[in-house]
Amino acid sequence: MKDSEGPSSNVVSLQRGSRDMRESQLGGGLPAAVEVVRDKAQQQLVELVKQVFAKVDDSLFAMGEKAHGQDEQDGLFQALRLLRVERRRVVEQFADKCAQAFYVQEAADDEDPYEADNLSLVHNDDLEQLVAVDTMVANAKRDFAESLSAISLRFDTLLSAKIYDKNNPLGPDAICDAFVEASRSLDLHIRARLTLLKKFEQVVMANLGTLYDMCNSLFVEQGVLPTLKHQRSARPQRQAARPQRPQGAGEGQAAPEQGGVYAGSPGSAASVSGASGHGLIPLGSGVAPMAPQDLLSHLGALQSHLPQSYGDGQVELLNVNSLLQNRLVEARESASLAKMDSDIIKLVEMLFSFILEDRNLAEPIKSQLGRLQLPLLKVAIGDKSFFSKGGHPARKLLNELADACTGWQAKDNYEKDPLYKKISEVVARVLAEFDQDIHIFSTLLESFREFILRERKRAERLERRIVDEADGKAKTQAARARVAAVMDALMAERDVPPVVADWLQKVWSNMLFLTCIKEGTDSETWSRDVRTARDLVWSVHAPMPESRKQLLGLLPALQDRLKAGVEAVSLNTFEARRLFAGLKEIYRERFALAQRLMQERSRQVEQEVRAMAEAASQAETTAPEPAAAAEVSAPLAEDMTASEAAQEAVAELPEMEALEQAVAEVELQPDSLEGEDIPETDTHWQQTFRLAQGSWFELKRGEEEQFRCRLAAVIKDIDQFIFVNRNGAKVAEFTRAELAVALRKGELMSMDDGMLFERALQSVIGTVRQSRGEMH
């Protein structure tokens, strides 16, 4: 079937409007030479992608007619209809994304369409598609290395960002990613999607050599590095050397030699078949694939021959294909591996490769966990839900073993360590008892959890004592600082009678301290006790006689609160009597002062009234006399005014809101570290606020001392971080500033969080994608 769009498409021209908008958004256009190459390359790529859809149309129709089941046939024909409807949109998006690739950002990282950082489970379909994509990219980089290198050098001289192989706008990464992104929204059957990718590889990726030659010629015509030597002699030989797809393989299925990351590696099925013809034979060579039960039987025999222990504490990743090859040769048998079984073997090898390199685990623990490769491979082959079922007992056991060992370190005679002995016991039982019944994993998991629970309870008791001690110390420091803040605010620039100073220092400071420790500064009791201290200071400075009635109403309740404070701090009886007697004498003097002032004011008022009466009767003859009367009373009035003004000035106490603010500011004081200036915008300073309690770290002290520790607690009152080892003993403590410096210097490095199996799956995705930039 032919492409209905015809040879003259408006796809390229349709992109010009969005291209102009993108250029304006990014601050300008591209160099003229780059624009010429971009337009020519885009036009050629678009024509090739049209051919892809024409070929996929024919292939899907043929595959649908030969489908084995109704579901598969419906899926293929539905994909056929969808591709016919959506091909124009996919081609347009592909062209636009190819154009976007030319606006390279400095140090830009490839966006991972599989979101490996957030991946928790990997389905077989996703992994198969990912491997297919990365394989075609790696092949293109290998086949067209010289031409691609020349284009990268020329782009590097013209574009502002550093151009290297992976972010080359015309590199296999960019072109393949553009197609994958353009077709991502299509809901296709997995066979149809793999067929689409296979045709893209055959039509587009395999013809990149011609595209690259054209681009290099265009660059030379425009004087861009015209003398750059371009050696092409090696490419035809490499293309010729590429293994061909077996004639019997169906569409959408990659050739065995190209279908995996480990293809062609020493020990693979394609390279280790015996000279006699026995052993593993490539799929599609006429030999029937090994039945799953037969494969499990062979793996079980290999498992039973694994050594029970490794004397040097090291273990290497098993090459399962090589082991199967040797076993079949010895048995003078021939067989091939089904594609799914071959993929599972490769995936399990990649998972255990990650486990044996995981820095979270000590080498002796890696050695033990590495021995589980064959048992877990048997689980994966016998139970296809192993990779997609997060609660699978085998996965849970592996995760539990690894999690328990995160903080474990190998010391002298580590073989006698209880945890190491338990891990060794669990692994030995799996090797000895597991055949195909996965219940053994649940049994061992339950037993191991009971062991870990006992160990953690012992560690938690010690850890709790350490944290409580640090927390108590912090609360004491914080409480003293908050009480001091209240006292400073009440007594600052204020002449307090000695007996009142004794009340505040000997009684009420201790009262506030106890309240702060027991109930905190947000409690009603704290507010009541702070108000009592304020009332006490106010009572000896309240302006008289205006405050006489208010003071009379306050004193009974104030006396009761002071008595409660004396009892709470256990003040001795003699000292308490002295303080109450001194306070009583002050109040007697203040009320006497109020009485005198009131009498003086009354006499003054009488004198003024009398003077005014006399002035009224002698208004005409004695007009100056009122002034004389005023002069007589003026000194007394002036004395009273000065006295009252002085009382008013002293009585201006801070309100409760101001006292609460003074307390709050004590909590907001940042840590300081002598010799270090750490701004709040520093990334390491900000990181200290995101550390989760229970996280594991590697701590380096000097060149040789290095150990693992866990964040046991953050003492918020003083911003102190407590770190303990696996047994619960304290190994380090930092203030926030000290912690930020340690993180900045690399003295403290966080360890990976998450379950081992899930992190290993994420690593598989990341490793495969990174192989794009490493293979040329």
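Residue 19 is where the sequence shown starts when you use this note's numbering, and the numbers rise one by one after that.
Ideal placement from N, C-alpha and C gives every residue a C-beta, glycine not left out.
{"Asked": "Close Cβ partners of residue 664 (< 8 Å) along its chain, the five nearest in sequence each way excluded", "Found": "Per-residue confidence for residue 664 stands at a pLDDT of 41, beneath the threshold of 50, marking its modelled position as unreliable; the derived number appears in the next sentence. Excluding positions up to five away in sequence, the list is empty."}
{"Asked": "Nearest-angstrom Cβ-Cβ length linking residue 296 and residue 346, presumed shorter than 8 Å", "Found": "6 Å"}
{"Asked": "Rounded straight-line distance, which links the Cα of residue 586 to that of residue 376", "Found": "58 Å"}
{"Asked": "Beta-carbon spacing of residue 760, residue 703 below 7 Å", "Found": "no"}
{"Asked": "Through-space distance from residue 553 to residue 502, alpha-carbon basis", "Found": "17 Å"}
{"Asked": "Delimiting residues of the beta strand (DSSP E) encompassing residue 714", "Found": "714-719"}
{"Asked": "Residues sharing a beta bridge with residue 727, DSSP", "Found": "715"}
{"Asked": "Own chain, CB closer than 7 Å to residue 158, minus 5 neighbours either side, in chain order", "Found": "190, 223 and 226"}
{"Asked": "Proximity winner among 298, 473, 160 and 378, relative to residue 350 (alpha-carbon distances)", "Found": "298"}
{"Asked": "Classification of residue 724 by the beta-carbon crowding that lies within 10 angstroms, buried from 16 upward", "Found": "exposed"}
{"Asked": "At least three beta-carbon pairs within less than 8 Å, the segment 78-93 to the segment 113-120", "Found": "no"}
{"Asked": "Outcome for residue 575 when other beta-carbon atoms lying within 10 angstroms are tallied against a minimum of 16", "Found": "exposed"}
{"Asked": "Stretch pair the segment 149-166 + the segment 181-199: three plus CB contacts closer than 8 Å", "Found": "yes"}
{"Asked": "Residue 425 (DSSP reduced to helix, strand or coil)", "Found": "coil"}
{"Asked": "Supposed contact pair residue 600 and residue 517 - C-beta distance, whole angstroms, cut 8 Å", "Found": "3 Å"}
{"Asked": "Residue 368, DSSP secondary structure in three states", "Found": "helix"}
{"Asked": "For residue 774, three-class secondary structure by DSSP", "Found": "helix"}
{"Asked": "Local conformation of residue 391 per DSSP, three classes", "Found": "helix"}
{"Asked": "The segment 203-215 / the segment 91-101 touching (three or more Cβ pairs under 8 Å)", "Found": "yes"}
{"Asked": "7 Å Cβ cutoff, residue 315 in contact with chain D", "Found": "Any reference to chain D falls outside this structure, which holds one protein chain only."}
{"Asked": "Limits of the unbroken beta strand (DSSP E) element including residue 14", "Found": "The structure shown has nothing for residue 14, since the chain only spans 19 to 794."}
{"Asked": "Candidates 762, 466 and 737, of which the one nearest residue 696 by Cα", "Found": "762"}
{"Asked": "Residue 135, buried or exposed, once every other Cβ within 10 Å from all chains shown has been counted against 16", "Found": "For residue 135, the predicted model reports a pLDDT of 40, less than 50, meaning its position is unreliable and no value from the coordinates is stated."}
{"Asked": "Segment contact, 8 Å Cβ cut-off, at least three pairs: the segment 610-625 with the segment 542-550", "Found": "no"}
{"Asked": "Assigned secondary structure, residue 354 (DSSP; H/G/I helix, E/B strand, else coil)", "Found": "strand"}
{"Asked": "Pairwise C-alpha distance: residue 92 and residue 442", "Found": "51 Å"}
{"Asked": "Bridge-paired residues (DSSP) for residue 516", "Found": "Bridge partners of residue 516: none, in fact."}
{"Asked": "Residue 185 to residue 362 span [Cα, whole Å]", "Found": "31 Å"}
{"Asked": "Residue 587 (DSSP reduced to helix, strand or coil)", "Found": "coil"}
{"Asked": "Runs of alpha helix (DSSP H) lying entirely within the segment 601-634, each at least 4 residues, in chain order", "Found": "none"}
{"Asked": "Residue from 161, 373 and 109 whose Cα sits closest to the Cα of residue 775", "Found": "373"}
{"Asked": "Buried versus exposed call for residue 676 [16 or more other C-beta atoms within 10 Å across all chains shown]", "Found": "exposed"}
{"Asked": "Inter-stretch contact (C-beta, 8 Å, three-pair minimum) for the segment 167-184 and the segment 46-55", "Found": "yes"}
{"Asked": "7 Å Cβ shell around residue 428 - same chain, five flanking residues per side excluded", "Found": "380, 381 and 382"}
{"Asked": "Residue 511 versus residue 590 - alpha carbon distance", "Found": "30 Å"}
{"Asked": "Exposure of residue 180, with buried meaning 16 or more beta-carbon neighbours within 10 Å", "Found": "exposed"}
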